[in-house]
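K.L.:
This is the structure I have questions about; it appears just below.
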Amino acid sequence: MIPDKADTTGVDAMSDDILWKRIGRIASQLIASQVALSRAFDQLLPRSFRVDGSKDFKRCVVPRYLRPGLVIFDVGGGARPCVDLETKRRLGLTVAGVDIDEQQLAKAPRGLYDRTIAADITTFGDQNAADIVVCKSTLEHVRGTEAAFATMARLLKPGGALLVFVPSRNALYARLNMLLPQRLKLRLLSAFMPNRADHLGFPATYDHCTPRDFRRFSARCGLQVEELRPYYISSYFSVLFPLYVLWRAWIIGYRLISREQAAESFALVARKPEPFRKRGTAISTAPLCAIKD
Numbered sequence: 269m270i271p272d273k274a275d276t277t278g279v280d281a282m283s284d285d286i287l288w289k290r291i292g293r294i295a296s297q298l299i300a301s302q303v304a305l306s307r308a309f310d311q312l313l314p315r316s317f318r319v320d321g322s323k324d325f326k327r328c329v330v331p332r333y334l335r336p337g338l339v340i341f342d343v344g345g346g347a348r349p350c351v352d353l354e355t356k357r358r359l360g361l362t363v364a365g366v367d368i369d370e371q372q373l374a375k376a377p378r379g380l381y382d383r384t385i386a387a388d389i390t391t392f393g394d395q396n397a398a399d400i401v402v403c404k405s406t407l408e409h410v411r412g413t414e415a416a417f418a419t420m421a422r423l424l425k426p427g428g429a430l431l432v433f434v435p436s437r438n439a440l441y442a443r444l445n446m447l448l449p450q451r452l453k454l455r456l457l458s459a460f461m462p463n464r465a466d467h468l469g470f471p472a473t474y475d476h477c478t479p480r481d482f483r484r485f486s487a488r489c490g491l492q493v494e495e496l497r498p499y500y501i502s503s504y505f506s507v508l509f510p511l512y513v514l515w516r517a518w519i520i521g522y523r524l525i526s527r528e529q530a531a532e533s534f535a536l537v538a539r540k541p542e543p544f545r546k547r548g549t550a551i552s553t554a555p556l557c558a559i560k561d
């Protein structure tokens, strides 16, 4: 009996599917082994080279500034805000979400945002509304970072704090990100970091995203920098251990020369001062920040 052509086509397709699944499993195991080697190598380095900036910001920096009853504006948090629902309820926080993408805001945990605002942060007009403005991994995607910074400064009430975490423009992965075509970047992320591709694949410009520039922005906006935490680790090269070792050697040397400018990412905490009032004069609530051309 001669096999039906449709049957043989189905068998071939099934065989190809099995083959690709096996290749995928082997590739995943290989990548996992490279990541494990990279993490083991990091244990040889001082702790300051091993602190994950994104986790440190969310777990350590932000919680230190939360107090009962505060009004918080989360800029760019979208579906992944910095404050969780349990913390919001426990402290009685009022949380407003500002994001250019309304669909991202809609994906946030139900009940977390008391107010959602689909707006461009470079032109958003509210002033003196927030006790805390928090912005995590957003400004690298903004064209006109200084304008966004000025908007966030104006959002703060007197005495309020701006908490920002951002990848640095000086990081090697940031330079590559700016050079590679977007389609190629998405393919590489899907291949090597499939679990993170959905929130790492947004186009990025890293406009003035350096510690030096953010200190300058703070001064122009009349904010007082309370803390700047540089972080010297990222995971992009960990999928290939020999490359990771070379990159780590580069980071160590770069830090010796440039200090915080060599950071892969950094967190900034800046506070809007309470207005100064002389006896018999009114308190000024005029915006502190002006953008210089």
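Its first residue numbered 269, the sequence shown is counted upward by one per residue in our numbering.
The C-beta atom is built at its ideal place from N, Cα and C for all residues, glycine as well.
1) Does the separation of the CB atoms of Lys323 and Leu424 fall below 7 Å?
2) Give me the residue from Ala398, Arg443, Arg484, Gly360 with the minimum Cα distance to Gly428.
3) In the DSSP output, which residue or residues are listed as bridge partners for Tyr499?
4) Quick check on the DSSP output: the alpha helix (DSSP H) that includes Arg523 runs from which residue to which?
5) Fully enclosed by the segment 320 to 392, which beta strand (DSSP E) runs are 3 residues long or longer?
6) So Ala386 and Leu373 are in contact, right, with Cβ under 8 Å, and what is the actual spacing, rounded?
7) From the beta carbon of Gly393, is the nearest beta carbon of chain B less than 7 Å away?
8) Looking at Ile520 and Arg318, is the spacing between their C-beta atoms short of 7 Å?
9) By DSSP, does Pro426 sit in helix, in strand, or in coil?
10) By the three-class DSSP mapping on this structure, what secondary structure does Ile286 have?
11) I need the straight-line Cα distance from Val339 to Thr362, nearest angstrom please.
12) Can you grab the Cα-Cα spacing for the pair Cys350 / Thr384, in whole Å?
13) Whose CA, out of Ala530, Ala416, Arg422, Arg358, lies closest to the CA of Lys404?
14) Among the candidates Glu528, Leu305, Ile286, whose CA atom is the shortest distance from the CA of Pro435?
15) How close, in whole Å, do the beta carbons of Thr413 and Cys477 come, if the pair is a contact with beta carbons under 8 Å?
16) Kindly list the residues whose CB is nearer than 7 Å to the CB of Phe325, restricted to its own chain and excluding five residues on each side of it in sequence; keep chain order.
17) To which residues of the same chain is Ala538 closer than 6 Å at the C-beta, ignoring the five residues directly before and after it?
18) For my contact list, Asp367 and Gly344 are in at a C-beta cut-off of 8 Å; report their separation, rounded to the angstrom.
P.N.:
Quick answer:
1) As a position in the sequence shown, residue 323 is number 55, starting the count at 1. As a position in the sequence shown, residue 424 is number 156, starting the count at 1. Not closer than 7 Å, so no.
2) As a position in the sequence shown, residue 428 is number 160, starting the count at 1. For the residues Ala398, Arg443, Arg484, Gly360, the minimum Cα distance to Gly428 belongs to Ala398.
3) Taking the first residue of the sequence shown as 1, we reach residue 499 at position 231. Looking at the DSSP assignment, Tyr499 forms a beta bridge with Ser533.
4) The sequence position of residue 523 within the sequence shown is 255, counting from 1. If you look at Arg523, you'll find it in the alpha helix (DSSP H) that goes 509 to 526.
5) 339 to 343, 362 to 367, 383 to 386
6) Working through the sequence shown from its first residue, we reach residue 386 at position 118. Working through the sequence shown from its first residue, we reach residue 373 at position 105. Right, their Cβ atoms sit about 7 Å apart.
7) Chain labels in this structure do not include chain B; a single protein chain is all it has.
8) For this step, residue 318 is matched to residue 50 along the sequence shown. For this step, residue 520 is matched to residue 252 along the sequence shown. Their beta carbons are not under 7 Å apart, which means Arg318 does not touch Ile520 by this criterion.
9) The residue labelled residue 426 in the question sits at position 158 within the sequence shown. Residue state, collapsed to three classes: strand.
10) Here residue 286 refers to the residue found at position 18 when the sequence shown is read from its first residue. In this structure, Ile286 counts as helix in the three-state DSSP scheme.
11) The residue you call residue 339 lines up with position 71 of the sequence shown. The residue you call residue 362 lines up with position 94 of the sequence shown. The alpha-carbon separation between Val339 and Thr362 amounts to approximately 5 Å.
12) Translated into positions along the sequence shown, residue 350 becomes position 82. Translated into positions along the sequence shown, residue 384 becomes position 116. Using only the alpha carbons, I get a separation of about 15 Å.
13) For the purposes of this step, residue 404 is taken as residue 136 along the sequence shown, with counting starting at 1. Nearest to Lys404 by alpha-carbon distance, out of Ala530, Ala416, Arg422, Arg358, is Ala416.
14) Within the sequence shown, residue 435 is the residue found at index 167, counting from 1. Comparing Cα positions, the closest option is Glu528.
15) Taking the first residue of the sequence shown as 1, we reach residue 413 at position 145. Taking the first residue of the sequence shown as 1, we reach residue 477 at position 209. So it is a contact: roughly 6 Å between Cβ atoms.
16) If you number the sequence shown from 1, residue 325 lands on position 57. Closer than 7 Å at the Cβ level, and outside the excluded window around Phe325, lie Lys404, Phe433, Ala535.
17) For the purposes of this step, residue 538 is taken as the residue at position 270 of the sequence shown. Leu430, Ser486, Leu491, Val493.
18) The residue you call residue 367 lines up with position 99 of the sequence shown. The residue you call residue 344 lines up with position 76 of the sequence shown. About 6 Å separates the two Cβ atoms, so the contact holds.
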